[in-house]
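Participant:
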Amino acid sequence: MIDSMLGALNLIALVATFAAGLGTFAFLRGHKWHEWASGSVSVLAFVAVTLIWLVFYRAIGFPGWMRWPTQLFESVSQPWPSQSVQTQPASAGDVFVKPDYYSINHKGWQHNTTPAGDVFTCYSCGAQFQVQLDYGPELPADATYRSNKDFLATLSTEAAQKDFADSLIRRAIPLQSGFTISIGRIGLSMIGGLDVLQFSAVVEMPGTISHDNSMVGIHKNRMMKLTLNYFDGAMNEQASAAINDLYSSLRFF
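Structure (structure tokens):
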């Protein structure tokens, strides 16, 4: 606020100086001291007189001349402090960070933390789409694989990949449930800098069909599983874009 008041004084002083210069020059003309000046010389004389007043004001320390003219107008146009408060970008509040594991920008998705992992539900997709990212317990010392490279090496064939994917789904959906499970596309991929096994599955339940698209890998000595679930017929252009944005923002540490 003080800066703005000084800026206003600066502008007033600037106008006063030019007025003083103009008045002085008019006084000289009135006393016929101007006969030696005409045309462009008169303009130069006016400028010279104005500069003399400028030097005078600076000499007495008038606050209006503590800054250059270009800064004077900038100072007057500055907003009040309440209008110039800097705010964080809106996207900053949409970034979720799981310390030591990953970060993800879930703009357009509702985030919830559950005992099973972090769940992201799309509220801009026009239908129910849910992504869950969870970690298993630390691998024991006698685990079949001790690194992600070792894990993916055991899945070098499509048959091995399908067996693993089927067993993983069966842990969540017991055989006695009566649901029909079929594995679709499957293969090695990468997301967030981590190599993973990616597969899609279709689960047929009474009255509905569910799609399960998963990515699995070993990260931080734990099995990581990223799963997208949605019902048959729900996929649309808007949802596809939202899923791509969510996945492309994921970064594993």
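Going by our numbering, the letters in the sequence shown line up with residues 20 to 272, in that order. For each residue, glycine too, the CB sits at the ideal point set by N, CA and C. These numbers come from a predicted model, not from an experiment.
#1: Who are the near neighbours of Gly127 in its chain, counting only those whose CB is closer than 6 Å to its CB and skipping five residues on each side?
#2: Would you give the residue range spanned by the alpha helix (DSSP H) that Leu265 belongs to?
#3: Can you list, in chain order, the residues of its chain whose CB lies under 6 Å from that of Ile123, leaving out five sequence neighbours each side?
#4: Nearest to Leu207 by alpha carbon, out of Leu213, Phe198, Gln217?
#5: By how many angstroms is the C-alpha of Arg241 removed from the C-alpha of Glu157?
#6: Measuring alpha carbon to alpha carbon, tell me which of Leu213, Ile205, Ser186, Lys239 ends up nearest Thr273.
#7: How is Lys239 classed by DSSP in three states: helix, strand or coil?
#8: With distances taken Cα to Cα, identify the nearest neighbour of Gly226 among Ala179, Asn131, Thr199, Ser166.
#9: Whole angstroms are fine: how far does the CA of Met234 sit from the CA of Phe139?
#10: Look at the alpha carbon of Val222 and the alpha carbon of Ser186, and state the distance between them as a whole number of angstroms.
#11: Answer yes or no: do Tyr120 and Lys239 have a C-beta to C-beta separation smaller than 8 Å?
#12: Reducing DSSP to helix, strand and coil, say where Asp161 ends up.
#13: Can you grab the Cα-Cα spacing for the pair His125 / Glu256, in whole Å?
#14: Based on the DSSP output, what are the partners of Ser122 in its beta bridges?
#15: To the nearest angstrom, how far is it from the Cα of Asp264 to the Cα of Phe271?
#16: With DSSP as the reference, please indicate the residues paired to Gln129 in a beta bridge.
#17: Could you check the C-alpha separation between Thr133 and Gln151 for me, to the nearest Å?
#18: Keeping to the same chain, check which residues put their C-beta closer than 6 Å to that of Ile188; ignore five residues upstream and five downstream.
#19: If you count every other CB in all the chains shown that lies within 10 Å of the CB of Gln147, and 16 or more means buried, which is it?
#20: Over the uninterrupted beta strand (DSSP E) stretch that includes Ala146, give me the two end residues.
#21: For Thr246, count neighbouring Cβ atoms within 10 angstroms of its own Cβ and tell me buried if that reaches 16, exposed if not.
#22: By a C-beta neighbour count over all protein chains shown, 10 Å radius and 16 as the cutoff for buried, is Ile228 buried or exposed?
#23: Would you list the one or two residues that DSSP bridges to Ala220?
#24: What would DSSP say about Ile192, mapped onto helix, strand or coil?
Facilitator: Reading from the atomic positions:
#1: Ser143, Ala261
#2: 256-268
#3: Phe115, Ser268, Leu269
#4: Gln217
#5: 5 Å
#6: No statement about residue 273 is possible, as the shown extent of the chain runs from 20 to 272 and does not include it.
#7: coil
#8: Thr199
#9: 15 Å
#10: 14 Å
#11: yes
#12: coil
#13: 18 Å
#14: Val116, Arg270
#15: 16 Å
#16: Thr140
#17: 10 Å
#18: Ile200, Ala220
#19: exposed
#20: Note, Ala146: premise wrong, no beta strand (DSSP E); not H, not E.
#21: buried
#22: exposed
#23: Ile202, Asp231
#24: coil
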